[in-house]
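J.: So the sequence shown is numbered by the UniProt record's numbering: it starts at 1 and just counts up by one.
Here a beta-carbon is modelled for each residue, glycine too, at the ideal position from N, C-alpha and C.
Okay, handing you the structure first.
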Amino acid sequence: MTTATPGQPSSRLDVRLATSDADRAAARELINHRYEWRGYGNSHVLPARRTHSTFIAALDDEIVGTVTLAVDSPAGLAADTIFRDEINSYRRVPGASVCELTKLAFDAEIPSRKLLASLFHIVFIYGRRQHRCTDLFIEVNPRHRRYYEAMLGFKPIGELRTNPGVNAPAQLMWLRVADIAARISEFSGQGEAANSRSLYPFFLSRSDVRNVHATLSRGLRRSPMPPPGLMAGGAAGMENFA
């Protein structure tokens, strides 16, 4: 899908799984570039496990964002390093399937609201359909706490800790997957008309969601995600550091 904004050239945004070595290398390069800028080091790697799925967002074929969805396994989640007790309290709920977002990075100079909404919506669809995730966690620097609360509805869990991997303070945040679905149903597709700081009005349209589900049915790991359209909104520059 390609659309145009008046006074601006047309742009194409594609969101897909990073299935090639080139995609993974580009995602890793973006992560290390942004993390180094934040003072988190530049030697981070993407876990090569079946429980980890890395997504990339490319604007006109240039990778401008990435996030990895990790699902629970005997090896646990990255956030277990300092928040195991908190996450275990959710694991003990019958039927629970915990997961986390990690290795999140965006090009600071790329407009972001539509990109973020499209990326998170596709990760939500994938996590719910492929892994039946019930509880989503993310570990962030506390200066990003209010952003995640306002934009996606995450709630802080537990006390601040120090993440030894980046030598920085960390806040664990949690979001019930069923609540994501409810917010999508209420707000998606409204865009600026919703007059809301939340990202949910910028989530994918119903037709794009149908395309995503069709792609999943054909074999998501062999096909790029359908492009959700032109990005619009403010500037990026937000990373977590798990």
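1. Answer with buried or exposed for residue 88, where buried requires no fewer than 16 other C-beta atoms within 10 angstroms of its C-beta.
2. For the beta strand (DSSP E) containing residue 181, name the first residue and the last one.
3. Using only the alpha-carbon positions, how far apart do residue 139 and residue 187 sit?
4. By alpha-carbon positions, which one of 101, 126 and 127 ends up nearest to residue 68?
5. Helix, strand or coil: which one does DSSP assign to residue 123?
6. Do residue 193 and residue 134 count as a contact pair if the criterion is CB distance below 9 Å?
7. Can at least three beta-carbon pairs, one atom from the segment 53–61 and one from the segment 106–124, be found at a separation below 8 Å?
8. Hey, would you say residue 136 sits closer than 9 Å to residue 59, going by beta carbons?
9. Report all residues from its chain with a CB closer than 6 Å to the CB of residue 131; omit the five preceding and five following residues, and keep chain order.
10. Within the same chain, show all residues whose beta-carbon is closer than 6 Å to that of residue 26, passing over the 5 residues directly before and after it, in chain order.
11. Considering only residues of the segment 6–68, which uninterrupted alpha helix (DSSP H) runs meet the minimum length of 4 residues and lie entirely inside it, listed in chain order?
12. Please confirm whether residue 157 and residue 83 have their CB atoms less than 9 Å apart.
13. Shortest alpha-carbon distance to residue 202 belongs to which of 151, 38, 126 and 39?
14. Comparing alpha-carbon positions, which option in 162, 168, 74 and 173 lies nearest residue 149?
15. Keeping to the same chain, check which residues put their C-beta closer than 6 Å to that of residue 43; ignore five residues upstream and five downstream.
16. Can you tell me whether residue 222 is buried or exposed? The criterion is at least 16 other CB atoms within 10 Å of its CB, across all chains shown.
17. Please look up how many angstroms separate the CB atoms of residue 40 and residue 168, rounded, as I've assumed it's under 8 Å.
18. Please list the terminal residues of the continuous beta strand (DSSP E) segment that includes residue 135.
19. Can you list, in chain order, the residues of its chain with a C-beta nearer than 8 Å to that of residue 160? Leave out the 5 residues immediately preceding and following it.
20. Could you give the first and the last residue of the continuous beta strand (DSSP E) run that contains residue 152?
21. By DSSP, does residue 163 sit in helix, in strand, or in coil?
22. How far does the alpha helix (DSSP H) with residue 86 in it extend, from its first residue to its last?
23. Give me the Cα-Cα distance between residue 61 and residue 16, rounded to the nearest whole angstrom.
T.: Let me spell this out:
1. Exposed: under 16 other Cβ atoms inside 10 Å.
2. Boundaries for residue 181: no beta strand (DSSP E) harbours it, while the alpha helix (DSSP H) harbouring it runs 177–187, taken from the DSSP string.
3. Computed Cα separation, rounded: 25 Å.
4. The option with the nearest alpha carbon to residue 68 is 101.
5. Residue state for residue 123 is assigned as helix, using DSSP reduced to three classes.
6. The answer is no: Cβ separation not under 9 Å.
7. Taking a cut-off of 8 Å for Cβ pairs, the segment 53–61 and the segment 106–124 touch, as three or more such pairs fall below it.
8. Cβ atoms of residue 136 and residue 59: not closer than 9 Å.
9. Around residue 131: 71.
10. Cβ neighbours of residue 26 beyond the five flanking positions: 63.
11. Listed in chain order, they are 21–38.
12. Remark: C-beta atoms of residue 157 and residue 83 approach each other more closely than 9 Å.
13. Considering only alpha carbons, the answer is 151.
14. Cα-wise, what sits closest to residue 149 is 173.
15. There are no such residues.
16. Here residue 222 scores only 45 on pLDDT, less than 50, and its place in the model should not be relied on; the value that follows carries that caveat. Using a 10 angstroms sphere on the CB of residue 222, the tally of other CB atoms stays under 16, which defines it as exposed.
17. Correct: roughly 6 Å between the Cβ atoms.
18. Its beta strand (DSSP E) spans residues 135–140.
19. Hits under 8 Å: 142, 169, 170 and 171.
20. Note, residue 152: premise wrong, no beta strand (DSSP E); alpha helix (DSSP H) at 145–152.
21. It is a strand residue.
22. Here the alpha helix (DSSP H) through residue 86 covers 80–91.
23. Each residue's Cα considered, the two are about 11 Å apart.
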